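Trainee:
Protein chains in written order, with this note's numbering: chain A, 3 to 291; chain B, -1 to 341.
Shown next, in the form of structure tokens:
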């Protein structure tokens, strides 16, 4: 396959690395080390021009510290702002941790392929997330709930290390109120408190015990590699075919547009051809992710 | 009938470009046995023979090692962004090796697919490449093993081929190249001649067969035992193009820059979570070989290697691409060297 060269007049072509400036509308702290940030474009033209598909990602800047890649965890139907969520773990997220209302951060995107929400219509949806991987499923959950008629039953299984590590716990409670939605929260053994009313166990274990509708279903599994690896075979055993089991792969990215050479997994550039893959596609990839 | 230029006339022509204020770069001796492509300050510094290859490649002239993408300035809680100015200066690279020039159209694919990279594109337009066909090779050269050779014209605007000790044949390949030379050549009844290039060192077809089957192979580990993971191979390579984006600044503001990077570093793919898809040097060597000889060709139709051998010349442990490919090619040959058992 040969990609046709794109001719562009460099004198007028935009600088693809130049981000849009975003105003911080709100910061929400979820756990001891995770926060989500709500952002609005400072430039109105950029705001009007912007649209994205749930499952796509952005590259967010803390000027002076650098850029980092996060899923856009708000729904694509929310027009006034976007949200992203991060765990404080390095230089950029240390700087983002200090960000407050009215501050400015940079945003480039949207990048990547996103979830095929149209294809998932008239199907039952199973969402499985672990830890900080709640944000990349949250956008799809909200999208599905906002188009409630178009989707069947929704099962959400979300696990964290402990009761203190649940991200978007308020959303979990709200989703449980919807008809035809089953929310199962779980924490790793030892992570429970005496008043914990959710499940105790790892996500794959909890999935095994749960009563989940699996006919005419698609599943989205996002989490640490070990969780994905152990959860996918269970879905297969439940009768889901490989092309109905989805995941979103994590990768250290720099450019987001297939140039910096960092995110390839075998022949696939995760930033352009991913980050969303079916198990069918995953099986064709080398073990390089 | 061909066009020719005497070597002194070529040097004088370079001098006239410099006098006109043009930016001219070419091979310059910077120390014993050490030649680098560098901006020329005088035509006398230009070195056209007596060495096999420069230590660096010409990619830095279209894809600088360190490049400002834009500047940021803090204004209270707001930030002001100042786009980096587009390069405007025309530049001529003279005395490029064919294996350097050939890398440019190969690099075009990745910088142009999807969203074009503006500054790369601009520098490509502003750069004229005058290539000198190779008459000498060393054991590291392997262009001929990759269907290239000592007078590969890819990426060149002009190709100079030695006719004799005094004269080069001038083959202009683009109008940009012709414009530089057209009034400065004389007619010649001889053409430049060069040899057939370095001997073939491995079988590219065997390599292709091997890579199709051996992503998981113990052979990668054997190379990794030697590799120091220093990344010199990537920095000396005409086609390696991976980069990092970082901020450099202080409390008032700064620049967002991109720097060359290498897949040979463990940090290259390390996730924030601590997970790393390539924790071992063997995986990183495998990545470099696969990227160049399978992934890039599959995606863009060109091999991400021109056979220059710089990765081996610059390697502190005599590794680099060629020894790896020779070993792979030998492995792939073994089963076939056994006598056929068919009746």
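A virtual CB, placed ideally from N, CA and C, is assigned to each residue, including glycine.
Remember, it's a predicted structure, so these values are computed and weren't measured experimentally.
Can you check whether the CB of residue 45 (chain A) is closer than 8 angstroms to the CB of residue 68 (chain B)?
Mentor: no
Trainee: Return the chain-ordered list of same chain residues with a C-beta closer than 8 angstroms to the C-beta of residue 192 (chain B), the five sequence neighbours on each side being excluded.
Mentor: Once the five neighbours on either side are set aside, the close Cβ partners of residue 192 (chain B) are 131, 132, 133, 148, 149, 159 and 160.
Trainee: Interface residues of chain B around residue 59 (chain A) at Cβ under 8 angstroms?
Mentor: Within 8 angstroms Cβ-Cβ: nothing; residue 59 (chain A) doesn't reach chain B, min ~14 angstroms.
Trainee: Leaving out five residues on either side along the sequence, give the residues of the same chain with a beta carbon under 8 angstroms from the beta carbon of residue 329 (chain B).
Mentor: Excluding sequence positions up to five before and after residue 329 (chain B), its CB lies within less than 8 angstroms of the CB of 208 and 217, all in the same chain and listed in chain order.
Trainee: Do you know whose CA, among A:282, A:147, A:82 and A:272, lies nearest residue 50 (chain A)'s CA?
Mentor: A:82
Trainee: Between residue 242 (chain A) and chain B, is there a C-beta pair that is closer than 8 angstroms?
Mentor: no
Trainee: Name the one or two DSSP bridge partners that residue 296 (chain B) has.
Mentor: Paired residue(s): none; residue 296 (chain B) is not in a bridge.
Trainee: Enumerate in chain order the residues of its own chain whose CB-to-CB distance from residue 270 (chain A) is below 7 angstroms, with the five nearest sequence positions on each side excluded.
Mentor: 276 and 287
Trainee: In this structure, how does DSSP classify residue 190 (chain A) when only helix, strand and coil are distinguished?
Mentor: Looking at residue 190 (chain A) - three-state DSSP - the assignment turns out to be coil, as it is neither helix nor strand.
Trainee: Taking only the alpha-carbon atoms, compute the straight-line gap between residue 77 (chain A) and residue 203 (chain A) and give it to the nearest angstrom.
Mentor: 29 angstroms
Trainee: Would residue 91 (chain A) count as contacting chain B if we go by Cβ distances under 8 angstroms?
Mentor: yes
Trainee: Residue 275 (chain B) CB to nearest chain A CB: under 8 angstroms?
Mentor: yes
Trainee: What does DSSP give as the partner residues of residue 107 (chain A) in its beta bridges?
Mentor: According to DSSP, which records beta bridges pairwise, residue 107 (chain A) is partnered with A:24.
Trainee: Shortest alpha-carbon distance to residue 35 (chain B) belongs to which of B:47, B:206 and B:53?
Mentor: B:53
Trainee: Taking only beta carbons into account, state which residues of the stretch 66 to 88 of chain A come closer than 8 angstroms to chain B, listed in chain order.
Mentor: 66, 67, 68, 69 and 70
Trainee: According to the neighbour-count rule (16 or more other Cβ atoms, all chains shown, within 10 Å of its Cβ), is residue 119 (chain A) buried or exposed?
Mentor: buried
Trainee: So, at 7 angstroms on beta carbons, what are the nonlocal neighbours of residue 140 (chain A) in its own chain, with the 5 sequence-adjacent residues on each side left out?
Mentor: 75, 170 and 173
Trainee: According to DSSP, what are the bridge partners of residue 37 (chain A)?
Mentor: A:31 and A:88
Trainee: What does residue 252 (chain A) touch in chain B if you count any residue whose Cβ is under 8 angstroms from its own?
Mentor: For the C-beta of residue 252 (chain A), the chain B residues within less than 8 angstroms are, from N- to C-terminus, 269, 271 and 273.
Trainee: Beta carbons nearer than 8 angstroms to chain A: which residues of the stretch 104 to 138 of chain B have them?
Mentor: 106, 107, 108, 109, 110, 111, 112, 113, 114, 115, 116, 117, 119, 120 and 123
Trainee: Grouping DSSP H, G and I as helix and E and B as strand, with all else coil, what is residue 258 (chain B)?
Mentor: strand
Trainee: Please identify the residue among B:181, B:10, B:264 and B:173 whose C-alpha is closest to the C-alpha of residue 43 (chain B).
Mentor: B:10
Trainee: By the DSSP assignment, the beta strand (DSSP E) with residue 89 (chain B) in it spans what residues?
Mentor: 89 to 94
Trainee: Helix, strand or coil: how does DSSP classify residue 204 (chain A) here?
Mentor: Looking at residue 204 (chain A) - three-state DSSP - the assignment turns out to be coil, as it is neither helix nor strand.
Trainee: Between which two residues does the alpha helix (DSSP H) harbouring residue 99 (chain A) extend?
Mentor: Here the alpha helix (DSSP H) through residue 99 (chain A) covers 93 to 99.
Trainee: Name the DSSP bridge partner or partners of residue 71 (chain A)?
Mentor: A:61
Trainee: Mapping DSSP to helix, strand and coil, what is residue 318 (chain B)?
Mentor: coil
Trainee: Buried or exposed for residue 314 (chain B), please, with buried defined as at least 16 other CB atoms from any protein chain shown within 10 angstroms of its CB.
Mentor: With fewer than 16 Cβ atoms within 10 Å of its Cβ, residue 314 (chain B) is classed as exposed.
Trainee: When you compare each of A:67, A:109 and A:198 to residue 248 (chain B) by their alpha carbons, which one comes out closest?
Mentor: Nearest neighbour of residue 248 (chain B) by Cα position, chosen from A:67, A:109 and A:198, turns out to be A:67.
Trainee: Answer with buried or exposed for residue 6 (chain B), where buried requires no fewer than 16 other C-beta atoms within 10 angstroms of its C-beta.
Mentor: exposed
Trainee: Spell out the partners DSSP gives residue 2 (chain B) in its beta bridges.
Mentor: B:167 and B:184
Trainee: For a contact meaning CB atoms closer than 8 angstroms, what does residue 239 (chain B) contact in chain A?
Mentor: 261 and 263
Trainee: Taking 7 angstroms as the limit between beta carbons, can you name the residues of its chain near residue 245 (chain B), skipping five residues before and five after?
Mentor: 252 and 254
Trainee: Going by alpha carbons, who is nearest to residue 1 (chain A) out of A:195, A:182 and A:272?
Mentor: Residue 1 (chain A) lies beyond the residue range present for chain A, which begins at 3 and ends at 291; the question has no answer from this structure.
Trainee: Residues of chain A with CB under 8 angstroms from residue 293 (chain B), in chain order?
Mentor: 266, 268 and 269
Trainee: Between which two residues does the beta strand (DSSP E) carrying residue 279 (chain A) extend?
Mentor: 278 to 280
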